[in-house]
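Engineer: Okay, handing you the structure first.
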Amino acid sequence: MLLVIDSNVYIFGFGLVKVPACKKIILEIVDKHKLHTLRISRRIVEEVRSHLSPEDFATFIKVINTLTTIDEDIVVPFETAAKYEARGLKPADAFIAAYPEWVGADALISENRHFLNHHSDLPFKVLTAKKCLKLI
90 MLLVIDSNVY
100 IFGFGLVKVP
110 ACKKIILEIV
120 DKHKLHTLRI
130 SRRIVEEVRS
140 HLSPEDFATF
150 IKVINTLTTI
160 DEDIVVPFET
170 AAKYEARGLK
180 PADAFIAAYP
190 EWVGADALIS
200 ENRHFLNHHS
210 DLPFKVLTAK
220 KCLKLI
């Protein structure tokens, strides 16, 4: 399964305030890295950086570097993000929707209620960490 994990899941998995399902989904992907492919954009990395302590961010980067490489935001076609902005998403959310579409992700793992409740017509599934744990 090709997965994109939204910044909020990483923050709740690595940060001071932990959400058990967020921490567990990251550990599951590490444990099953041969079964699942993870993709991450520079924007997600920078968002995570702004919410973690330097020590927690260093741990996050070590995990990411063992699983994948970081895609630069510039590689995501502008038109893809613009399509989501035209559908009413804020620019940051439009990019987060465009990125999994561009990489061909099966799912975006997010705790963002805006994605979870309002965009069922995306070309990928949007799952909470808890729901994703049941699938993998």
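The C-terminal position of the sequence shown is numbered 225 in the numbering used here, with every residue numbered one higher than the one before it. Note that beta-carbon positions come from the ideal geometry of N, C-alpha and C, so glycine has one too. Since the model is a prediction, treat every value here as computed from it, not as a measurement.
Looking only at its own chain, which residues have a Cβ that is under 6 Å from the Cβ of Glu-136, when we skip the five neighbours before and after it?
Structural biologist: If we look at Glu-136 and ignore the five residues flanking it on each side, its Cβ neighbours are Ser-96.
Engineer: Leaving aside the five residues before and after Pro-180 along the sequence, list all residues of the same chain whose C-beta is less than 7 Å from its C-beta, in chain order.
Structural biologist: So the qualifying residues of the chain are Glu-174.
Engineer: What does the alpha-carbon distance come out to for the pair Asp-195 and Leu-92?
Structural biologist: Distance between the alpha carbons of Asp-195 and Leu-92: 6 Å.
Engineer: Could you give the distance in angstroms between the alpha-carbon of Thr-148 and the alpha-carbon of Val-106?
Structural biologist: One C-alpha to the other measures close to 15 Å.
Engineer: Please report how far the alpha carbon of Glu-161 lies from the alpha carbon of Lys-112, in whole angstroms.
Structural biologist: C-alpha separation (whole angstroms): 25 Å.
Engineer: With a Cβ-Cβ cutoff of 9 Å, do Leu-197 and Leu-222 count as a contact?
Structural biologist: No, the Cβ-Cβ distance between Leu-197 and Leu-222 is not below 9 Å.
Engineer: Just how far apart, CA to CA, sit Val-152 and Ser-139?
Structural biologist: Those two C-alpha atoms are separated by around 17 Å.
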